[in-house]
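Numbering (our numbering), first residue to last: 199 to 381. Idealized CB from N, CA, C, for every residue including glycine. One structure below.
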């Protein structure tokens with residue numbers, strides 16, 4: 199990738215929307231489970247995540263927790279990956295974070311299953327959302343958050359001799375969607 203392409207990607211926003219890293223749907227004898235791995239890329243992603251998560255969902259992510267050391271009487275901060283069963287959510291638009299509160303649902307050396315835990319989700323965080331219920335409203339919210347065409351205000355085609363570009367223009371960024379060259 200040349201420097202110009204890297205510049206265009208940064209300026210035109212290939213990395214400016216919530217990124218859907220993976221999506222899985224599984225059926226078992228207890229019902230359906232929907233699993234989404236998402237990366238928060240901008241401020242609006244926190245609001246969209248807040249609207250996707252409901253009480254009873256599970257969310258997996260990284261936290262930092264002060265833990266006791268066995269051999270000494272001291273403590274240290276550790277980065278841990280936890281799965282939390284959501285009981286409460288808060289969105290703070292000033293700090294631009296989503297705080298998830300609930301009970302730990304995964305075995306961990308430092309946190310017992312069922313112990314209360316909170317998780318702060320910031321921009322550039324990667325989280326996995328596990329839902330038992332998924333409907334068209336959630337699908338529309340996810341599409342709106344991950345597809346730049348859904349929140350673009352304008353489509354622009356720039357044409358010169360031998361080359362044309364298709365841009366989607368949104369409120370905060372411009373996205374290069376296609377480039378056609380003719381030699």
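- The straight-line gap separating the alpha-carbon atoms of residue 315 and residue 299 is approximately 6 Å.
- DSSP places residue 276 in the strand class (E or B) of the three-state scheme.
- Per DSSP, reduced to three states, the secondary structure at residue 344 is helical.
- Taking C-beta atoms as the reference points, residue 282 and residue 259 count as a pair closer than 9 Å.
- With fewer than 16 other Cβ atoms from the protein chains shown falling within 10 Å of its own Cβ, residue 273 counts as exposed.
- In this structure, residue 231 sits away from residue 318, with a CB-CB distance that is not shorter than 9 Å.
- Uninterrupted beta strand (DSSP E) stretches at least 3 residues long and entirely within the segment 251–298 occur at 256–266, 273–290, given in chain order.
- In the three-state reduction of the DSSP assignment, residue 249 falls in the helix class.
- Under the criterion of beta carbons closer than 8 Å, residue 367 and residue 351 qualify as touching, at roughly 6 Å.
- Rounded to whole angstroms, the gap between the alpha carbons of residue 362 and residue 263 is 51 Å.
- When the beta-carbon positions are compared, residue 311 and residue 321 stay at least 9 Å from each other.
- The beta-bridge partner set that DSSP reports for residue 223 consists of 232.
- Between the alpha carbons of residue 330 and residue 290 lies a distance of about 26 Å.
- The secondary-structure analysis by DSSP pairs residue 217 across a beta bridge with 237.
- Cβ-Cβ distances below 8 Å link residue 218 to 234, 235, 236, 340, 344 in the same chain, with the five nearest sequence neighbours on each side left out; the list follows chain order.
- A distance below 9 Å separates the beta carbons of residue 287 and residue 251.
- Within the DSSP secondary-structure output, residue 333 pairs in no beta bridge.
- According to the DSSP assignment, residue 353 belongs to the beta strand (DSSP E) that extends over 352–358.
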